[in-house]
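Peer 1:
Numbering (our numbering), first residue to last: 130 to 404.
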């Protein structure tokens, strides 16, 4: 790839920093396309900015400098990351849903993508603490009008988080009285040691209630979530039935996960051992 000589290094790095702060994180391949420079140039720029202490390098990209365990990016910031992976995961997860079931979707950008994939599954009852997820179903009904088999949506109350999830005592009490067949759970981080975690303490408690109310728990998370640890753990890997992720997950990580739970990699054949 030819270098873009129209931008000085200082200008390029200022653009990179602005992108990181505006979106809550960027990938190297996104920056190479946006700036018209090589992968090596972007990595040198990220190294320079990291030495200045204005951003933090992560696998495949960079994020703002924050206290990692407590930082909670907003919905818009997260929605711009790993878009194709989230769509692949959503399609694979939707195959686990059968008509007429009672399911729950937690907050998150991957569950938001999944909600779009479920619009044509008939006679679902959907419990969610996500304003964004609920609006997907409500918007579909507003645009097409009442139709047979449209989902019945139960939106919990609660206090809104930066991720547009409803959490706290009101949400917890509502969820505790419900029982659903399948929970699709988005996560901030997942690891062998910490299990599932989030930087938001109230959200951790609400997620615990969701897990307790579900017969089966499916985590939907792209590969960048593996190895990330938030402030508060809310479930162990033993409490999870299935992880649906994308092909970016490495072979070593796949082996570790497969020893703990069922692993479904979007776009790849399901192995007999995964069934």
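Glycine included, every Cβ here is placed at the ideal spot set by N, Cα and C.
#1: Thinking C-alpha only, which one of 191, 342, 316 is nearest residue 256?
#2: Which residues bound the beta strand (DSSP E) around residue 148?
#3: Please list the terminal residues of the continuous beta strand (DSSP E) segment that includes residue 310.
#4: Would residue 142 be called buried (16 or more neighbouring beta carbons within 10 Å of its own) or exposed?
#5: Which residues bound the beta strand (DSSP E) around residue 186?
#6: Assuming residue 218 and residue 370 make a contact with CB atoms under 8 Å, what is their CB distance in whole Å?
#7: Taking all protein chains shown into account, decide if residue 158 is buried (16 or more other Cβ within 10 angstroms of its Cβ) or exposed.
#8: Per DSSP, residue 318 forms a beta bridge with which residues?
#9: Pull up the distance between the alpha-carbon of residue 196 and that of residue 228, whole angstroms please.
#10: Identify, in the order they occur along the chain, each residue of the same chain with its Cβ nearer than 7 Å to the Cβ of residue 146, setting aside the five sequence neighbours on each side.
#11: Would residue 253 pass as a contact of residue 313 if the rule is Cβ separation under 8 Å?
#12: Tell me, to the nearest whole angstrom, how far the beta carbon of residue 282 is from that of residue 331; I am working on the premise that it is less than 8 Å.
#13: What is the DSSP secondary structure of residue 374, reduced to helix, strand or coil?
#14: Got a sec? Which residues, its chain only, sit under 7 Å from residue 234 by beta carbon, not counting five neighbours each side?
#15: At what residues does the alpha helix (DSSP H) containing residue 244 begin and finish?
#16: Beta-carbon within less than 7 Å of residue 390's beta-carbon, same chain only, minus the 5 sequence neighbours each way: which residues are those?
#17: Out of 223, 310, 380, 153, point me to the one whose CA is closest to residue 346's CA.
#18: Does DSSP put residue 213 in a helix, in a strand, or in coil?
#19: Is the Cβ-Cβ distance between residue 387 and residue 362 less than 8 Å?
#20: Quick check on this structure: which residue in 175, 149, 316 has the alpha carbon closest to the alpha carbon of residue 215?
#21: Classify residue 163: buried if its beta carbon has 16 or more other beta carbons within 10 angstroms, exposed otherwise.
#22: Looking at residue 319: is its Cβ nearer than 8 Å to the Cβ of residue 299?
#23: Given a threshold of 16 other Cβ atoms within 10 Å of its Cβ, counted over all protein chains shown, does residue 379 qualify as buried or as exposed?
#24: Check residue 231 in the structure and name its three-state DSSP category.
#25: Are residue 221 and residue 393 close, meaning C-beta to C-beta below 8 Å?
#26: By the 10 Å Cβ neighbour count, where 16 or more other Cβ atoms means buried, how is residue 278 classified, buried or exposed?
Peer 2: From the atom records:
#1: Closest by alpha carbon: 342.
#2: That residue, residue 148, is in no beta strand (DSSP E); its alpha helix (DSSP H) goes 138-152.
#3: Boundaries of the beta strand (DSSP E) around residue 310: 309-315.
#4: By the neighbour-count criterion, in which 16 or more other beta carbons inside 10 Å mark a residue as buried, residue 142 falls on the buried side.
#5: For residue 186, the enclosing beta strand (DSSP E) stretches over residues 184-187.
#6: In fact, because the Cβ distance is near 16 Å, the residues do not count as touching under 8 Å.
#7: Per the 10 Å Cβ criterion, exposed.
#8: Residue 318 is bridged by DSSP to 326.
#9: Its pLDDT being 46, under 50, residue 196 is placed unreliably by the model, and the measurement read from it follows with that caveat. Residue 196 and residue 228: Cα-Cα distance of roughly 43 Å.
#10: The residues are 178, 183, 184.
#11: Cβ distance not < 8 Å, so residue 253 and residue 313 don't count as in contact.
#12: About 22 Å separates the two Cβ atoms, so there is no contact after all.
#13: If DSSP states are grouped into helix, strand and coil, residue 374 belongs with the strands.
#14: Only 240, 243, 244, 255, 257, 259, 262, 313 meet the Cβ criterion.
#15: Residues 238-246.
#16: Cβ-Cβ distances below 7 Å link residue 390 to 366, 369, 370, 371, 372 in the same chain, with the five nearest sequence neighbours on each side left out; the list follows chain order.
#17: Considering only alpha carbons, the answer is 310.
#18: Correct three-state label for residue 213: helix.
#19: No, Cβ-Cβ distance for residue 387 and residue 362 is not below 8 Å.
#20: Checking every option, the nearest Cα to that of residue 215 belongs to 316.
#21: Residue 163 is exposed by the Cβ-count criterion.
#22: No, these two residues do not count as a Cβ contact at 8 Å.
#23: Taking all protein chains shown into account, residue 379 has fewer than 16 neighbouring C-beta atoms within 10 Å of its C-beta and is therefore exposed.
#24: DSSP places residue 231 in strand when its eight states are reduced to three.
#25: If you check the CB distance, residue 221 and residue 393 come in under 8 Å.
#26: Looking at its Cβ environment, which holds fewer than 16 other Cβ atoms inside 10 Å, residue 278 is exposed.
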